[in-house]
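I have placed the structure first, in the form of structure tokens, so that the comments after it can refer back to it.
There are 4 protein chains.
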Amino acid sequence: MAVVEVSITPLGVQTPGVSEYVAGCLKVVRESGLKHQLTPMGTIIEGNIDEIFKVLREMHESPFTKGAKRVSTLIKIDDRRDRPEHTMAGKVRSVEEKL
Amino acid sequence: MAVVEVSITPLGVQTPGVSEYVAGCLKVVRESGLKHQLTPMGTIIEGNIDEIFKVLREMHESPFTKGAKRVSTLIKIDDRRDRPEHTMAGKVRSVEEKL
Amino acid sequence: MAVVEVSITPLGVQTPGVSEYVAGCLKVVRESGLKHQLTPMGTIIEGNIDEIFKVLREMHESPFTKGAKRVSTLIKIDDRRDRPEHTMAGKVRSVEEKL
Amino acid sequence: MAVVEVSITPLGVQTPGVSEYVAGCLKVVRESGLKHQLTPMGTIIEGNIDEIFKVLREMHESPFTKGAKRVSTLIKIDDRRDRPEHTMAGKVRSVEEKL
Chain X
21 MAVVEVSITP LGVQTPGVSE YVAGCLKVVR ESGLKHQLTP MGTIIEGNID EIFKVLREMH
81 ESPFTKGAKR VSTLIKIDDR RDRPEHTMAG KVRSVEEKL
Chain E
21 MAVVEVSITP LGVQTPGVSE YVAGCLKVVR ESGLKHQLTP MGTIIEGNID EIFKVLREMH
81 ESPFTKGAKR VSTLIKIDDR RDRPEHTMAG KVRSVEEKL
Chain C
21 MAVVEVSITP LGVQTPGVSE YVAGCLKVVR ESGLKHQLTP MGTIIEGNID EIFKVLREMH
81 ESPFTKGAKR VSTLIKIDDR RDRPEHTMAG KVRSVEEKL
Chain V
21 MAVVEVSITP LGVQTPGVSE YVAGCLKVVR ESGLKHQLTP MGTIIEGNID EIFKVLREMH
81 ESPFTKGAKR VSTLIKIDDR RDRPEHTMAG KVRSVEEKL
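Chains as they are written, first to last, in this note's numbering: chain X, 21 to 119; chain E, 21 to 119; chain C, 21 to 119; chain V, 21 to 119.
Structure (structure tokens):
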């Protein structure tokens with residue numbers, strides 16, 4: 021099980037706002053059925069690493085279909101295989117318990 | 021106003037779990053009084069960019085004080101100055117409105 | 021054509037040094053035949069975005085085959101489609117010309 | 021001693037090319053006197069972590085002085101304190117020895 025954060029930015033679009041492009045990427049995740057969470061800095065996805073790679077490839081393509089000519093995509097993967105469960109909720113809980 | 025995500029990882033600690041170190045970094049943010057949010061992949065901070073830089077420097081130091089010998093810190097800054105308000109809540113709202 | 025940087029870190033290994041794992045990932049890129057460059061902070065790959073995604077998936081798997089239980093992988097994609105050529109050498113040249 | 025990679029991107033500029041802004045950031049590093057290296061995906065800096073933080077803050081400001089209204093800055097810090105020397109050259113050498 022992997023928890024992955026992705027943030028996608030189109031370059032060369034004339035306005036500083038890019039939320040329309042972010043919404044397009046988010047639709048791709050929604051249609052995948054994978055568990056996910058929108059944050060102020062990206063989208064976090066949880067699930068099988070191979071399924072996630074497939075969705076990441078599609079998300080990266082999304083802004084080009086809306087006219088972007090250059091896309092900058094940042095992906096951070098946290099893949100843990102020494103325990104049966106590695107989830108978004110579990111990661112947050114684990115930190116909060118130490119506070 | 022900037023929105024900044026930071027994720028701090030100690031290397032060379034014997035267990036794959038690092039939540040204790042993450043909790044230490046989070047305490048630094050809490051004491052700063054800056055608005056923040058814990059996510060499954062990092063901590064997001066909102067505020068004046070100079071104040072945030074000061075807190076980032078302190079957060080990066082935190083795992084060393086707990087015994088880490090090597091620390092990997094990832095920082096992503098989104099600094100927008102063409103509108104009076106640029107906040108964590110506003111960024112999420114802006115994407116959700118387009119869905 | 022895309023230019024992609026990847027940096028892969030095993031967690032829960034007992035020594036702070038991780039160069040053996042990095043070397044394993046680099047071997048995967050070499051065998052792919054894709055143009056690449058080792059830097060002090062990661063590996064940069066140039067080529068077709070679909071081929072690169074395939075290699076990234078393999079690189080991410082490499083440390084697990086060497087015993088790592090948790091792997092943190094950071095990927096930054098710069099994909100530009102408004103010009104015939106978008107290369108590692110071209111990107112550096114473009115900046116140096118402005119200096 | 022820390023080795024730090026930084027990559028700075030202005031948003032809301034009308035052309036997909038941003039090398040002029042990158043050159044501006046590079047000038048800031050040059051004037052700092054810190055050892056650095058330009059790569060196809062960013063700038064890598066080596067030195068004292070406090071000095072580097074000061075330079076990072078200045079680099080992040082640079083695109084705003086050239087008219088950018090939104091700046092996205094990515095910083096990756098590798099700070100190692102269990103050995104006297106932790107350098108850009110040493111990191112690359114360490115990987116190449118394992119190949």
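The beta carbon of each residue, even a glycine, is placed where N, CA and C say it ideally should be.
Starting from the beta carbon of Ala43/X, find every residue of chain E whose beta carbon is closer than 7 Å, and list them in chain order. As a first step, residue 43/X must be located in the first sequence, where it is residue number 23. Within 7 Å Cβ-Cβ: Val115, Lys118, Leu119.
In whole angstroms, give me the CA-to-CA distance for Val24/X and Asp99/V. Counted from its first residue, the first sequence places residue 24/X at position 4. Counted from its first residue, the fourth sequence places residue 99/V at position 79. The alpha-carbon atoms of Val24/X and Asp99/V are separated by roughly 24 Å.
I need the DSSP call for Ala88/C, collapsed to helix, strand or coil. In the third sequence, residue 88/C corresponds to position 68, counting from 1. Three-state result, Ala88/C: coil.
When the cut-off is 8 Å and only beta carbons count, does Ile64/C lie next to chain V? Numbered from 1 along the third sequence, position 44 holds the residue referred to as residue 64/C. So yes, Ile64/C belongs to the interface.
C-alpha distance - Val48/C paired with Pro30/C, whole-angstrom precision: Residue numbering aside, residue 48/C sits at position 28 when the third sequence is read from its first letter. Residue numbering aside, residue 30/C sits at position 10 when the third sequence is read from its first letter. Cα to Cα, the separation comes out at about 16 Å.
Spell out the partners DSSP gives Ala22/X in its beta bridges. Against the first sequence, residue 22/X aligns to sequence position 2. Ala22/X is bridged to Gly67/X, Asp99/X.
Is any beta-carbon of chain E found at less than 8 Å from that of Thr59/X? On the first sequence, position 39 is the one that residue 59/X refers to. Interface residue, yes.
Determine the direct distance from the alpha carbon of Ala109/C to that of Glu116/C, and round the result to whole angstroms. Translated into positions along the third sequence, residue 116/C becomes position 96. Translated into positions along the third sequence, residue 109/C becomes position 89. In a straight line, the C-alpha of Glu116/C is about 11 Å away from that of Ala109/C.
Taking 7 Å as the limit between beta carbons, can you name the residues of its chain near Arg113/C, skipping five residues before and five after? As a position in the third sequence, residue 113/C is number 93, starting the count at 1. Same-chain partners within the cutoff: there are none.
Exposed or buried, Lys118/C, counting other C-beta atoms within 10 Å across all chains shown (16 or more means buried)? Within the third sequence, the letter at position 98 stands for residue 118/C. With fewer than 16 other Cβ atoms within 10 Å, it is exposed.
When the Cα of Val42/C is compared with those of Ile64/C, Pro83/C, His106/C, Ala22/C, which residue comes out closest? Reading the third sequence from its first residue, position 22 is the one you call residue 42/C. That would be Pro83/C, whose Cα lies nearest to the Cα of Val42/C.
State whether the region 85-105 of chain X contacts the region 86-104 of chain C, with contact taken as three or more CB pairs (one from each stretch) at a distance under 8 Å. yes
What's the gap between the Cα of Met21/C and the Cα of Met79/X? As a position in the third sequence, residue 21/C is number 1, starting the count at 1. As a position in the first sequence, residue 79/X is number 59, starting the count at 1. C-alpha separation (whole angstroms): 17 Å.
Could you name the residues of the same chain whose beta carbon sits closer than 8 Å to that of Gly44/C, not counting the 5 residues immediately before and after it, in chain order? By 1-based counting over the third sequence, the position of residue 44/C is 24. For Gly44/C, where only same-chain residues beyond five positions count, the Cβ hits under 8 Å are Ser82, Pro83, Thr85, Lys86.
Would you say Leu58/V and Ile65/V are within 8 Å of each other, going by their C-beta atoms? Numbered from its first residue, the fourth sequence carries residue 58/V at position 38. Numbered from its first residue, the fourth sequence carries residue 65/V at position 45. In this structure, Ile65/V does not lie closer than 8 Å to Leu58/V by Cβ.
Can you check DSSP and say which residues form a bridge with Ser27/V? The residue labelled residue 27/V in the question sits at position 7 within the fourth sequence. DSSP, once it has assigned bridges, lists Leu94/V as partnering Ser27/V.
How long is the line joining the alpha carbons of Gly37/C and Gly62/C, rounded to whole angstroms? As a first step, residue 37/C is located in the third sequence; it is residue number 17 there, counting from the start. As a first step, residue 62/C is located in the third sequence; it is residue number 42 there, counting from the start. Taking the straight line from one Cα to the other gives about 14 Å.
For the putative contact between Ser52/X and Val75/X, defined by C-beta atoms under 8 Å, what is the C-beta separation to the nearest angstrom? On the first sequence, residue 52/X is found 32 positions in, with the first residue counted as 1. On the first sequence, residue 75/X is found 55 positions in, with the first residue counted as 1. About 5 Å; that satisfies the 8 Å criterion.
For the region 76-98 of chain X, list every residue whose C-beta sits within 7 Å of some C-beta in chain C, in sequence order. Arg77, His80, Phe84, Lys89, Arg90, Val91, Ser92, Thr93, Leu94, Ile95, Lys96, Ile97, Asp98
Check each candidate in Asp70/C, Ala88/C, Arg101/C and name the one with the smallest Cα separation from Gln34/E. Here the question's residue 34/E lines up with position 14 in the second sequence. Nearest of Asp70/C, Ala88/C, Arg101/C to Gln34/E, Cα basis: Ala88/C.
Tell me, please, whether the CB atom of Arg100/V is closer than 8 Å to any CB atom in chain E? For the purposes of this step, residue 100/V is identified with residue 80 of the fourth sequence, where counting begins at 1. True, the Cβ-Cβ gap to chain E drops below 8 Å.
What is the DSSP secondary structure of Lys118/X, reduced to helix, strand or coil? On the first sequence, residue 118/X is found 98 positions in, with the first residue counted as 1. Helix.
Sheet register partners of Gln34/E (DSSP bridge): Counted from its first residue, the second sequence places residue 34/E at position 14. Answer by DSSP bridge pairing: none, since Gln34/E is not bridged.
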